[in-house]
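Asks: Residue numbers (mature numbering (1 follows the signal peptide of the UniProt record, and there is no 0)): -29 to -1, 1 to 573. By construction, the Cβ of each residue, glycine as well, lies at the ideal position given by its N, Cα and C atoms. I'd like to ask some things about the structure below.
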């Protein structure tokens, strides 16, 4: 899912659970998302900056203010926040009202120099009392930021700013009322204030309204939402560009255009909005958008993560962990996964736990691993439940507690999580770690897992159907479920399906299909498939005879646990020339490397 606004009082795009969303928002908050620039300058540059500077240097307060605006917004001169702050201070010293408001804003956010809370409060209060309504809105933000317990004072300041006509106050109070944050929710009044701010051209209000329309999937308002966010994006607002990308991505209120979405996301990222890079990573990481490129996805995820974006840290860590978009680097993955895990991202907690449990590229720490899995379990993370429960039952990383382990697995299975359904079936099949042995129940769980697309569940269910053990035998049904498991990538199912297709069991014979499934099972290192392929390849059945390749298949079958393959391999080896044996050994190494890649990608 493409990321969206946080529920904090700022425009910040994230795509995670509510808890993780809030934690991530804290890490990436920027003061300018809370405070509003009090002056919206003309788009036109200053006509004669040298003349304006001469007037400012001569002490003209309005000229000093205008020079500050020029430096703040790059109007006829490169942006220079320090110079802008200095000129605003000079004009403010002469009680220039707008300069006081602008100085208060810059002191509040630390633009052009350090944050100066006392100085900001003094300047904003003077500006407000002199009639600059926007100053009261920023004063309210200052109170919320510095004295969060004093919400009543902050809301009173915002109400005062609204009454005085401040557009930024309408936006801020509108958001509070919509979200029920700081004050009691009043969505109707909040929406009215946001509409008023948007009508007055406030780009943050326009963007937030567009976000609300998008999140509600309000088709009747989709066109308006797109118009609002496009207008805000034309003001070069980074968060608006990010939201515009979402509209283009989904084709909401406009035609679907992933390329325009990518451009908007990248521009937002270049302007310092980490969510832009994160959404660009999601775009390139998902094949459905037609721009699948994991190299670019990884680069974008790393950029967002390095800017403090918590979900992006999780994605970057995952891609480093799994060799997606570049080489595998699990030691480099750890700090990203750690940051995302600490930010409450369940996927990252589960991956970090696996990394620590196995000591894969990092020092092993099974106690810490179990702690992280337990945090993910609390969020209902299925894979974490499976791992945590399994090791909890056996007492690895903490004292054994089989009863709790069984409760966790059973609950996750009942909730419909296919891997837990399969695992719960295994536990009941085997009576594992004190689980009550119940074969009919185990078979039912294998069936439920299979129906939910679990390849190993399909294999197990098919095997019981074929054997007629614990369930009535049904060979055609067994072949069907082997096929489901084979399509899902289970090598045991692929091998058994190949056998049935070759022999015509449970349906018509199809030797060509049988050999294709045999090849697929062998590529995953299935020892029996490798053994049979070695035999067929040596005898040239269904494929050209190749004793060297046959030797390679048999060598791997032997290596993966099929001891009887050794006798056949030695028989062939006795008939190979030294050059042929060298070729056979090289082929075995190549096949083994391919199997390792297949297994790592699972």
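I need the DSSP call for residue 48, collapsed to helix, strand or coil.
Replies: Within the chain shown, numbered from 1, the residue matching residue 48 stands at position 77. Coil, per DSSP.
Asks: Could you check what DSSP says for residue 451 in three-state terms: helix, strand or coil?
Replies: Numbered from its first residue, the chain shown carries residue 451 at position 480. Correct three-state label for residue 451: helix.
Asks: What do you get for residue 443, buried or exposed, if any count of 16 or more other CB atoms within 10 angstroms of its CB means buried?
Replies: Counting from one through the chain shown, the residue named residue 443 turns up at place 472. Classification of residue 443: exposed, given that the 10 Å Cβ count is below 16.
Asks: Tell me whether residue 173 sits in a helix, a strand or coil according to DSSP, three-state version.
Replies: In the chain shown, counting from the first residue as 1, residue 173 sits at position 202. Note: residue 173 maps to coil in three-state DSSP.
Asks: Along the chain, which unbroken stretches of the alpha helix (DSSP H) at least 4 residues long are found entirely within the segment 78 to 143?
Replies: Within the segment 78 to 143, the complete alpha helix (DSSP H) runs of at least 4 residues are 88 to 100, 104 to 117 and 122 to 134.
Asks: With H, G and I counted as helix, E and B as strand and the rest as coil, what does DSSP make of residue 166?
Replies: Residue mapping note: residue 166 aligns to position 195 of the chain shown, counting from 1. Helix, per DSSP.
Asks: Please check if any C-beta of chain C sits within less than 8 Å of the C-beta of residue 411.
Replies: The displayed structure is made up of one protein chain only, and chain C is not part of it.
Asks: Within the segment 308 to 386, note down every full alpha helix (DSSP H) run reaching 4 residues or more, in order along the chain.
Replies: 317 to 329, 337 to 349, 353 to 365 and 373 to 385
Asks: Does the beta-carbon of residue 263 have 16 or more other beta-carbons within 10 angstroms, so that it is buried, or is it exposed?
Replies: Position 292 of the chain shown, counting from 1, holds the residue named residue 263. Its Cβ having fewer than 16 others within 10 Å, residue 263 is exposed.
Asks: Going straight from the alpha carbon of residue 558 to that of residue 353, what length do you get?
Replies: Counting from one through the chain shown, the residue named residue 558 turns up at place 587. Counting from one through the chain shown, the residue named residue 353 turns up at place 382. Residue 558 and residue 353: Cα-Cα distance of roughly 39 Å.
Asks: Please confirm if the segment 304 to 321 is in contact with the segment 341 to 357, defined as three or more CB-CB distances below 8 Å between the two stretches.
Replies: yes
Asks: In terms of residue numbering, what span does the alpha helix (DSSP H) encompassing residue 202 cover?
Replies: On the chain shown, position 231 is the one that residue 202 refers to. Note, residue 202: alpha helix (DSSP H), 193 to 205.
Asks: Just checking, does the segment 157 to 176 make contact with the segment 185 to 197 on the three C-beta pairs under 8 Å criterion?
Replies: no
Asks: Within the continuous alpha helix (DSSP H) that includes residue 219, where are the two ends?
Replies: The residue you call residue 219 lines up with position 248 of the chain shown. Note, residue 219: alpha helix (DSSP H), 209 to 221.
Asks: Helix, strand or coil for residue 461 per DSSP?
Replies: Mapped onto the chain shown, residue 461 falls at position 490. Residue 461 falls in the coil class under three-state DSSP.
Asks: State buried or exposed for residue -10, treating a residue as buried only when at least 16 other CB atoms are found within 10 Å of its CB.
Replies: Position 20 of the chain shown, counting from 1, holds the residue named residue -10. Annotation note: pLDDT 24 at residue -10 (below 50); position unreliable, coordinate value reported separately. Buried, by the Cβ-count rule.
Asks: To the nearest angstrom, report how far apart residue 301 and residue 332 are at their CA atoms.
Replies: Taking the first residue of the chain shown as position 1, residue 301 is located at position 330. Taking the first residue of the chain shown as position 1, residue 332 is located at position 361. Approximately 5 Å between the Cα atoms of the pair.
Asks: Would you tell me roughly how many angstroms separate the C-alpha atoms of residue 228 and residue 221, rounded to the nearest one?
Replies: The sequence position of residue 228 within the chain shown is 257, counting from 1. The sequence position of residue 221 within the chain shown is 250, counting from 1. C-alpha separation (whole angstroms): 8 Å.
Asks: Answer with buried or exposed for residue 238, where buried requires no fewer than 16 other C-beta atoms within 10 angstroms of its C-beta.
Replies: By one-based count along the chain shown, residue 238 stands at place 267. Buried is the call here.
Asks: What residue range is occupied by the uninterrupted alpha helix (DSSP H) comprising residue 231?
Replies: Within the chain shown, residue 231 is the residue found at index 260, counting from 1. That run of the alpha helix (DSSP H) goes 229 to 241.
Asks: So within the segment 503 to 543, which uninterrupted alpha helix (DSSP H) runs reach at least 4 residues, ignoring any that extend past its ends?
Replies: 518 to 530
Asks: Under 8 Å, do residue 210 and residue 177 count as touching if we go by C-beta distance?
Replies: Looking up residue 210 in the chain shown gives position 239. Looking up residue 177 in the chain shown gives position 206. Not in contact: residue 210 and residue 177 (Cβ atoms no closer than 8 Å).
Asks: By a C-beta neighbour count over all protein chains shown, 10 Å radius and 16 as the cutoff for buried, is residue 179 buried or exposed?
Replies: Start at 1 with the first residue of the chain shown, and residue 179 comes out as number 208. It counts as buried.
Asks: For residue 278, which three-state DSSP category applies?
Replies: Numbered from its first residue, the chain shown carries residue 278 at position 307. In the three-state reduction of the DSSP assignment, residue 278 falls in the coil class, being assigned neither a helical nor a strand state.
Asks: Please go through the same chain and pick out, in chain order, the residues whose beta-carbon is closer than 8 Å to the beta-carbon of residue 156, but skip the five residues on each side of it.
Replies: Counted from its first residue, the chain shown places residue 156 at position 185. Counting only Cβ-Cβ distances below 8 Å, and skipping sequence neighbours, we find 148, 149 and 150.
Asks: Do residue 235 and residue 212 come within 8 Å of each other at the CB atom, strictly closer than that value?
Replies: Counting from one through the chain shown, the residue named residue 212 turns up at place 241. Counting from one through the chain shown, the residue named residue 235 turns up at place 264. Contact flag set, yes.
Asks: Contact between the segment 70 to 82 and the segment 44 to 60: three or more CB pairs below 8 Å?
Replies: yes
Asks: If you compare alpha carbons, which of 28, 47, 27 and 29 is closest to residue 18?
Replies: Taking the first residue of the chain shown as 1, we reach residue 18 at position 47. The shortest C-alpha separation from residue 18 is found at 47.
Asks: Sort 458, 79 and 278 by Cα distance to residue 115 and report the nearest one.
Replies: Position 144 of the chain shown, counted from the first residue, corresponds to residue 115. If we check each option's Cα against that of residue 115, 79 comes out closest.
Asks: Since residue 562 and residue 527 should fall inside the 8 Å C-beta cutoff, what is the C-beta to C-beta distance between them, to a whole number of angstroms?
Replies: Numbered from its first residue, the chain shown carries residue 562 at position 591. Numbered from its first residue, the chain shown carries residue 527 at position 556. With 8 Å as the limit, residue 562 and residue 527 qualify as a contact, their Cβ atoms being about 6 Å apart.
Asks: Is residue 292 close to the ligand SAM? I mean its beta-carbon at under 7 Å from any heavy atom of the ligand.
Replies: With respect to the ligand SAM, the structure offers nothing, as it holds no ligand at all.
Asks: If I measure Cβ to Cβ from residue 469 and keep anything under 6 Å in the same chain, skipping five residues before and after, which residues do I get?
Replies: Here residue 469 is taken as the residue at index 498 of the chain shown, counted from 1. Correct list, in chain order: 485, 488 and 489.
Asks: Using C-beta distances below 6 Å, list every residue in its chain close to residue 171, excluding the 5 sequence neighbours before and after it, in chain order.
Replies: Here residue 171 refers to the residue found at position 200 when the chain shown is read from its first residue. 138, listed in sequence order.
Asks: On the CB-based measure, 16 or more other CB atoms within 10 Å of its CB, does residue 153 come out buried or exposed?
Replies: Counting from 1 along the chain shown, the entry for residue 153 is found at position 182. So residue 153 ends up on the buried side.
Asks: Kindly indicate the opening and closing residues of the alpha helix (DSSP H) around residue 226.
Replies: The residue given as residue 226 occupies position 255 in the chain shown. Premise fails: residue 226 is in no alpha helix (DSSP H) and is neither H nor E.
Asks: If we count the other Cβ atoms within 10 Å of its Cβ and call it buried at 16 or more, is residue 503 buried or exposed?
Replies: Residue 503 sits at position 532 when you count from the first residue of the chain shown. Around the beta carbon of residue 503, a 10 Å sphere encloses 16 or more other beta carbons of the protein chains shown; the residue is thus reported as buried.
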